[in-house]
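Undergrad: Keeping their order, the protein sequence lines are chains P and W.
For the first sequence, the positions run 12 to 125 when this note's numbering is used.
For the second sequence, the positions run -2 to 112 when this note's numbering is used.
This is the structure, below, for whatever I ask next.
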Amino acid sequence: DVKVTQSSRYLVKRTGEKVFLECVQDMDHENMFWYRQDPGLGLRLIYFSYDVKMKEKGDIPEGYSVSREKKERFSLILESASTNQTSMYLCASSFGGRAPGELFFGEGSRLTVL
Amino acid sequence: AQSVTQLGSHVSVSEGALVLLRCNYSSSVPPYLFWYVQYPNQGLQLLLKYTSAATLVKGINGFEAEFKKSETSFHLTKPSAHMSDAAEYFCAVSDPGGSQGNLIFGKGTKLSVKP
């Protein structure tokens, strides 16, 4: 089975702290994604990557950065956390190519910024 | 830009009753369409997907959806609800002009099942 693992299920951070959210997939997928999920807003794309060291901005990249040094790992970085970044963060991966395939999701990382 | 509308943020049904969750999309080209389910404190998992083959798509756990191009709809149904179906359901559509492989998600419909 495809497995997408997010390193932290729950995090509590203070305003201004640097936050790292890690995501690892074990199916050799080319594409990896970070979404933010908020009640009533659905899922919004923050960043995605279709290859190692490649990244593209999604719909809401402000305040976030990403890193993909290895194919299986995609990290989301909050350089200086703010309270409005309190949210559920979901990592996903999929096979490459233009035709959209199934996204496989991790269990999510719930971040609270105080 | 591609968009997805899910009618009703909350739907409540009795156990054994029909489940109908509505999804409409905006697209000038035939899209790929997906339904995902999210159980509490978990990530999303795929229920079913439409990729321009049969218009009636069968998924896991007894769910199915019908692609209707004339109505730009992809509603999700299940003949008889079970308590274990209580979850949040997301409709998603491919993003042909946007990020490679990305999906555009609706805002979700939370399904409650009453005993």
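For every residue, glycine included, the Cβ atom is placed at its ideal position computed from N, Cα and C.
Treat the numbers as computed from the prediction; the structure is a model and nothing was measured.
So, does the region 39 to 51 of chain P touch the region 15 to 34 of chain W, judging by three or more C-beta pairs under 8 Å?
TA: Too few Cβ pairs lie closer than 8 Å, so no.
Undergrad: List, in chain order, every chain C residue whose beta-carbon is nearer than 8 Å to that of Ser105/P.
TA: The displayed structure is made up of protein chains P and W, and chain C is not among them.
Undergrad: With contact counted as at least three CB pairs below 8 Å, one residue from each stretch, are the region 20 to 35 of chain P and the region 76 to 91 of chain P in contact?
TA: Touching, yes.
Undergrad: Shortest alpha-carbon distance to Asp62/P belongs to which of Ser78/P, Asn95/P and Gly69/P?
TA: On the first sequence, position 51 is the one that residue 62/P refers to. Nearest of Ser78/P, Asn95/P and Gly69/P to Asp62/P, Cα basis: Ser78/P.
Undergrad: Taking C-beta pairs closer than 7 Å, name the residues in chain P that Val(-1)/W reaches, listed in chain order.
TA: By 1-based counting over the second sequence, the position of residue -1/W is 2. Checking the sequence shown, residue -1/W turns out to be Gln, not Val. Within 7 Å Cβ-Cβ: nothing; Gln(-1)/W doesn't reach chain P, min ~11 Å.
Undergrad: At least one CB of chain W closer than 7 Å to the CB of Glu113/P: is that the case?
TA: Taking the first sequence and counting its residues from 1, one reaches residue 113/P at position 102. Output row for Glu113/P: interface = yes.
Undergrad: Kindly list the residues whose CB is nearer than 7 Å to the CB of Lys81/P, restricted to its own chain and excluding five residues on each side of it in sequence; keep chain order.
TA: Here the question's residue 81/P lines up with position 70 in the first sequence. For Lys81/P, where only same-chain residues beyond five positions count, the Cβ hits under 7 Å are Val63.
Undergrad: Just to confirm, is the Cβ distance from Gly117/P to Gly105/W under 7 Å?
TA: Within the first sequence, the letter at position 106 stands for residue 117/P. Within the second sequence, the letter at position 108 stands for residue 105/W. Cβ distance not < 7 Å, so Gly117/P and Gly105/W don't count as in contact.
Undergrad: What residues in the region 48 to 63 of chain P have a beta carbon less than 7 Å from any beta carbon of chain W?
TA: Here the close residues are Gly51, Leu52, Gly53, Leu54, Leu56, Phe59 and Tyr61.
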